[in-house]
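Residue numbering for the sequence shown is 2 to 174, as defined by the working numbering. Here a beta-carbon is modelled for each residue, glycine too, at the ideal position from N, C-alpha and C. Below: one structure, written as structure tokens.
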Amino acid sequence: MRDRERELQHLVEFLRAINRGHDLSELTQTVLKYALSLVPQAQTGTFLVLNDEEGVFEYQAAIGWDLERLSRIKIPKECILQRQFAALGPAIVRDPQLLNRKFLPSEIASELETFPIAAFMTFPIRVEDEVIAYFNVDSQDDPDAFTQADLDCLEAVWEEITLVVRAARARRG
Numbered sequence: 002m003r004d005r006e007r008e009l010q011h012l013v014e015f016l017r018a019i020n021r022g023h024d025l026s027e028l029t030q031t032v033l034k035y036a037l038s039l040v041p042q043a044q045t046g047t048f049l050v051l052n053d054e055e056g057v058f059e060y061q062a063a064i065g066w067d068l069e070r071l072s073r074i075k076i077p078k079e080c081i082l083q084r085q086f087a088a089l090g091p092a093i094v095r096d097p098q099l100l101n102r103k104f105l106p107s108e109i110a111s112e113l114e115t116f117p118i119a120a121f122m123t124f125p126i127r128v129e130d131e132v133i134a135y136f137n138v139d140s141q142d143d144p145d146a147f148t149q150a151d152l153d154c155l156e157a158v159w160e161e162i163t164l165v166v167r168a169a170r171a172r173r174g
């Protein structure tokens, strides 16, 4: 019972934090911290947000990676990996480096190779029919790190995360 109470308290604290967060940068960092706390085999995480004017996804937040370096990488929305396999919802992606080389412009794929990832779970944030952001949690060394149960665990709070990211983005824009 104690573990269940701690889990519920952790969830309530997370929901309060994201509902208080008005700044998109702060909010995305909070989301990543919570996601990593729920999935122990996730070592790092990123949050990409669509820049409407340039038509590219940009790294807004990162845990375990150099955000300054990541923020220089701009991924054209038509090339983003998640779009290539029509991930309309959460998905587990294995061996993304290979897929990056196949679908991204070579200079972007090369830049991303400096951030080794064996597998990641990705969660699209949508407004109507358009994906405006993705949050990802990564395993740097185990391509089989994530299971459907891990995906389900984060999917349970995905809708709430989607709502607050939409609201923060609307306030920003």
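- Of the residues assessed, R70 falls on the exposed side of the cut-off, its CB having fewer than 16 other CB atoms within 10 angstroms.
- Put simply, the region 45 to 64 touches the region 130 to 139. At least three CB pairs are less than 8 Å apart.
- DSSP, read as helix, strand or coil, puts K103 in helix.
- In the structure shown, D139 adopts extended strand secondary structure according to DSSP, grouped into three states.
- In summary, P106 is exposed, with fewer than 16 beta-carbon neighbours lying within 10 Å of its beta-carbon over all protein chains present.
- Taking 8 Å as the cut-off, the Cβ atoms of L100 and L113 do not count as close.
- For T47, the three-state secondary structure derived from DSSP is strand.
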